[in-house]
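**Q**
In my numbering, the protein residues as written are 144 to 281.
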C-alpha cells in the first residue's frame, strides 16, 4: 500500500513552509513602517498627537530611501511595544532600559523628535503676527 505523501515530500513541504515564514519576516523588517505606524511612533516619542501627515509622509519616504533605515524604524516600533496588543499610550509607560536598549534605536528616536520639533518651530515662526517690518512701521 502506497501512502499518498511520503516522508520526503512531507519534509520538503515543511521546509518550504519554514522558509516562507522566514522570508516573510525578513520582508516585513525590510519594508519599514506605514505612514500611520510612523505617525503613531512619532506621537509616542514627541507627545504630540496631531502631527502633519504630509510632513510625516515626506520624512518617512526619506528614511526609507536611506539604506537600513526602514529596518531600524521597524525595530524601534516593535522595541517600544507599538506592535503589541496593548501599546503604550505615552513614554511614561516605558522604562529607560527599554527606551535606550539599543544605541541605534535611541539615536533614531532622537532624530525623529528633532525633526518634529523643527516642524513645530517652522509652523510657529511662519504664523507669527508681527514681523520686524510690520513692527517698525507701526
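For every residue, glycine included, the Cβ atom is placed at its ideal position computed from N, Cα and C.
#1: Just reading off the alpha helix (DSSP H) that residue 181 is part of, what are its end residues?
#2: Apply the 10 Å Cβ neighbour rule to residue 130 and answer buried if 16 or more other Cβ atoms are within range, or exposed otherwise.
#3: State the Cα-Cα distance for the pair residue 184 and residue 213, rounded to the nearest angstrom.
#4: Can you tell me where the alpha helix (DSSP H) holding residue 199 begins and where it ends?
#5: Could you name the residues of the same chain whose beta carbon sits closer than 6 Å to that of residue 258, not counting the 5 residues immediately before and after it, in chain order?
**A** Reading off the structure:
#1: Looking at the DSSP string, the run of the alpha helix (DSSP H) that includes residue 181 is 178-189.
#2: Within the shown structure, residues of the chain are numbered from 144 to 281, placing residue 130 beyond reach of any answer.
#3: 13 Å
#4: 196-208
#5: 202
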